[in-house]
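Going by the working numbering, 551 is the number at position 246 of the sequence shown; the sequence numbering is gapless. Beta carbons: idealized from backbone N, C-alpha and C, even for Gly.
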Amino acid sequence: MSFLQLSPELVLEIAGYLEQIDLLNVSLVCKGLRETTKSSLHREYNNVHIMGNSFVDVINRIIDGEIDGRSIKTVRLRPWFSLSRLLDEDPDDRRRRERMMTKDQYQKLTECAKAQGLITDILSFKERSPILKIMKDFEGMLSRSDELVLPPNVYDDDMKDGDVPLDRRFCDHIRLGLEDALIILLLSLSPNLQAIRLDGVSPDPLSLGWDLDGFDFPELRRLTVSGDSGLIPFHIATLERQLLSKKLQTLEMNVASCSVVNGPIIPLYLPPRSLFLSTIRLEYSAIPYPDMETLLRACCALRSFFMSLGRKLVCLECVNPAQLVESLSRHRKTLEYFGLRQYQSDHPGMQVDIPSLAEFTALKKIEVDADDFKFVEANESNYDYPDEKKLRNVLPPSLEQLDILFGAGCDGVSLADFQDFLTVREKTCPALKSVRIVTAHPNKVRRRKAIPEKLTESLRVEYVGIDSFMRGESCFVDAEGYFDTPQKETRWNGTQYVQVPVDYTRRFEMEKAIRDGYDGLSDDSSEYERNFEWGSWEESGVDDDDEEDEDDEHGGAEAEGDDDIDDDEDENDQGGSSPDDSSSDGH
Numbered sequence: 306m307s308f309l310q311l312s313p314e315l316v317l318e319i320a321g322y323l324e325q326i327d328l329l330n331v332s333l334v335c336k337g338l339r340e341t342t343k344s345s346l347h348r349e350y351n352n353v354h355i356m357g358n359s360f361v362d363v364i365n366r367i368i369d370g371e372i373d374g375r376s377i378k379t380v381r382l383r384p385w386f387s388l389s390r391l392l393d394e395d396p397d398d399r400r401r402r403e404r405m406m407t408k409d410q411y412q413k414l415t416e417c418a419k420a421q422g423l424i425t426d427i428l429s430f431k432e433r434s435p436i437l438k439i440m441k442d443f444e445g446m447l448s449r450s451d452e453l454v455l456p457p458n459v460y461d462d463d464m465k466d467g468d469v470p471l472d473r474r475f476c477d478h479i480r481l482g483l484e485d486a487l488i489i490l491l492l493s494l495s496p497n498l499q500a501i502r503l504d505g506v507s508p509d510p511l512s513l514g515w516d517l518d519g520f521d522f523p524e525l526r527r528l529t530v531s532g533d534s535g536l537i538p539f540h541i542a543t544l545e546r547q548l549l550s551k552k553l554q555t556l557e558m559n560v561a562s563c564s565v566v567n568g569p570i571i572p573l574y575l576p577p578r579s580l581f582l583s584t585i586r587l588e589y590s591a592i593p594y595p596d597m598e599t600l601l602r603a604c605c606a607l608r609s610f611f612m613s614l615g616r617k618l619v620c621l622e623c624v625n626p627a628q629l630v631e632s633l634s635r636h637r638k639t640l641e642y643f644g645l646r647q648y649q650s651d652h653p654g655m656q657v658d659i660p661s662l663a664e665f666t667a668l669k670k671i672e673v674d675a676d677d678f679k680f681v682e683a684n685e686s687n688y689d690y691p692d693e694k695k696l697r698n699v700l701p702p703s704l705e706q707l708d709i710l711f712g713a714g715c716d717g718v719s720l721a722d723f724q725d726f727l728t729v730r731e732k733t734c735p736a737l738k739s740v741r742i743v744t745a746h747p748n749k750v751r752r753r754k755a756i757p758e759k760l761t762e763s764l765r766v767e768y769v770g771i772d773s774f775m776r777g778e779s780c781f782v783d784a785e786g787y788f789d790t791p792q793k794e795t796r797w798n799g800t801q802y803v804q805v806p807v808d809y810t811r812r813f814e815m816e817k818a819i820r821d822g823y824d825g826l827s828d829d830s831s832e833y834e835r836n837f838e839w840g841s842w843e844e845s846g847v848d849d850d851d852e853e854d855e856d857d858e859h860g861g862a863e864a865e866g867d868d869d870i871d872d873d874e875d876e877n878d879q880g881g882s883s884p885d886d887s888s889s890d891g892h
């Protein structure tokens, strides 16, 4: 039977397993296949480049019926700009003029927003927005600083911003072509979204919020959110409505907080047992204990939890390890994975050990820093802390994998407590199968036989470089955001669609792109490239993976070498690679 003779339902089923780039090329084969696979072709919308395409184009195509918004299941969006962007622009900049809507465009988009229930009244079109005049008058009084400074009244000289109705604010933002309003309109036109990834939530206090009627995505399964540039914290409370989606299972956040830049701390409110999340991952976040308690109390049956504290985001009120375990204890019968890293463990209030996890009867994998479980320094000859804090007494019997991070290495830390645990592991943790020692100098630790082989029989012990471990474990690209990671772009090469990596590696270029508003489109861009980017969810990340493979290969070779290599050479050993390995990370 010919492929063309298959039923449309079966063709769509097959198309569901194809990458978007392959579907683009399938659409070139014949008109029949193009029409049949059209809904699969549009299942993912990616606009991830900082110099990416305008959101207006894809909105127009959905409104005009060229794209069925109901077929879009996954979106990944670059950082968008809002009202504060106007302060960084020259009033005569051509990009500002090009971005502003014409009367016909304004009418089209606002009528669509009204039909979607986002607004109830449409503001009459004005040739010149009053916001621009207020901004221009204010710029003359503005002293340049690193802080975001806005006029006291942005929308109206005679009205406080908090008193301005949502309809007026939304229409004003559409008139100016501000992307926060366009993002809301785009997502409202995609009612069947199952996965949303936001690569930069705006910290602008005047950005339009998401607490809108009907803006809760009933089919949403996965929500991944990062602060702007991977550096500026976003307020977790801005997504309260979306967190309450009945089908949401996975929540991933980067630099999440409960306050915004120069803004107040707003408590998180979620009713008890109102969330159906099974997985929570909070990277480089600082969430106060009351809000963490609210979040975890709202979950019905959590199975996986990870949090990294501090580094770029420090909060005096941030939940500490003891409080975190206390809040998680309500999930002790369902939690299967627990991970915790502290990048500011010396911060006041954070020098608290992880309490016993022995009561977490479903826990299969634990990932923690060595310091959190009271590993003692090498110059200590005995343990002067209670038995209940020793490793043998704090791990659950259900444990199958233990990852221990030593940060700068094991040189100044004794593994005596860990060795003590291994002598009784068959009794205390009979299910344990794998242990990973994560350190900056894995080969050094391996060569010095820090753990006697007789204690690791029937147990898999790995020594892993910390850089490669972090790259493999993080769902975000090293917390600098996606700026430093090669992205894939779909281009027409004359005969077929291909994906090519576009690497914007210099941070100042990214910041300039945000400030200047480049659209990044060349004159020879294909129709698909101009109007929308439909591509795979995955990052390219080819270079990093290649480096990691080389590190592992060199590390293995070195581990089998002479144990008498001098210490000077050891000091150059990074991430499991040999001292002469030129492919090691430059971080």
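If I measure Cβ to Cβ from residue 386 and keep anything under 6 Å in the same chain, skipping five residues before and after, which residues do I get? 484
Does the Cβ-Cβ distance between residue 364 and residue 487 come in under 9 Å? yes
Go ahead and label residue 416 buried or exposed: buried means 16 or more other beta carbons lie within 10 angstroms of its beta carbon, across all protein chains shown. exposed
What separation, rounded to the nearest whole angstrom, lies between the Cα atoms of residue 548 and residue 580? 7 Å
Helix, strand or coil, according to DSSP, for residue 829 in the structure here? Confidence in residue 829 is poor, its pLDDT being 38 and thus under 50, which makes the residue's placement unreliable; the coordinate value appears in the next sentence. In the displayed model, residue 829 falls within coil according to three-state DSSP, outside both helix and strand.
One question on the structure: do residue 499 and residue 378 come within less than 9 Å of each other, judged by their Cβ atoms? yes
What residues in its chain sit with their C-beta under 7 Å from that of residue 667, if we drop five residues either side in the sequence? 638, 639, 640, 641 and 703
Per DSSP, the bridge partner or partners of residue 540: 562
Once you ignore the five residues that flank residue 613 on each side, which residues in its own chain have a CB closer than 6 Å to its CB? 588, 589 and 646
Are the CB atoms of residue 276 and residue 674 nearer to each other than 9 Å? The question about residue 276 has no answer, for the chain in this structure spans 306 to 892.
Nearest-angstrom beta carbon gap, residue 543 and residue 505 [assumed within contact, 8 Å]: The beta carbons of residue 505 and residue 543 sit about 13 Å from each other, so the pair does not count as a contact at 8 Å.
Return the residue from the list 608, 502 and 658 that minimises the CA-CA distance to residue 557. 502
Does the beta-carbon of residue 813 have 16 or more other beta-carbons within 10 angstroms, so that it is buried, or is it exposed? Bear in mind that a pLDDT of 36 at residue 813, under 50, signals an unreliable position, so the number given afterwards is only what the model happens to contain. Exposed is the call here.
Throw me the rounded Cβ distance for the residue 705 and residue 670 pair, which I believe falls under 8 Å. 6 Å
Flag this pair as yes or no: are the beta carbons of residue 332 and residue 323 separated by less than 9 Å? no
Can residue 578 and residue 554 be called in contact, C-beta distance under 9 Å? no
Residue 660 vs residue 701 beta-carbon contact at 9 Å: Here residue 660 is not near residue 701, since their CB atoms are 9 Å or more apart.
Counting beta carbon pairs with one atom in the segment 759 to 773 and one in the segment 735 to 751, are three or more of them shorter than 8 Å? yes
Have a look at residue 468 and residue 430 and give me their C-alpha separation to the nearest angstrom. One alpha carbon belongs to residue 468, the other to residue 430, and they sit about 21 Å apart.
Could you tell me which residues DSSP puts in a beta bridge with residue 710? 674 and 743
Limits of the unbroken alpha helix (DSSP H) element including residue 329: Element bounds for residue 329: 325 to 331.
Just the Cα atoms here: how many angstroms apart are residue 411 and residue 480? 6 Å
Consult DSSP for residue 348 and reduce its assignment to one of helix, strand or coil. coil
When the Cα atoms are used, what is the spatial distance from residue 315 to residue 497? 21 Å
Straight-line Cα distance separating residue 746 from residue 772: 10 Å
Considering only the alpha carbon of each residue, which of 390, 407, 458 and 375 lies closest to residue 348? 375
Taking DSSP's pairing of strands, which residues face residue 647 in a bridge? 614
With respect to 8 Å, is the separation between the Cβ of residue 692 and the closest non-hydrogen atom of the ligand PLP below this value? The ligand PLP is absent from the structure shown, which contains no ligand whatsoever.
Check whether the Cβ atoms of residue 317 and residue 423 sit closer than 9 Å, and answer yes or no. no
Could you have a look at residue 370 and say whether DSSP puts it in helix, strand or coil? coil
Residue 433 burial status per 10 Å Cβ neighbour count (16 or more: buried): exposed
Is it buried or exposed, residue 798, if we count other Cβ atoms within 10 angstroms and call 16 or more buried? exposed
Delimiting residues of the alpha helix (DSSP H) encompassing residue 579: For residue 579, there is no enclosing alpha helix (DSSP H), as DSSP marks it with neither H nor E.
Check residue 591 in the structure and name its three-state DSSP category. In the structure shown, residue 591 sits in a strand (DSSP, three-state: E or B).
Would you kindly check if the distance between the Cβ of residue 492 and the Cβ of residue 520 is under 9 Å? yes
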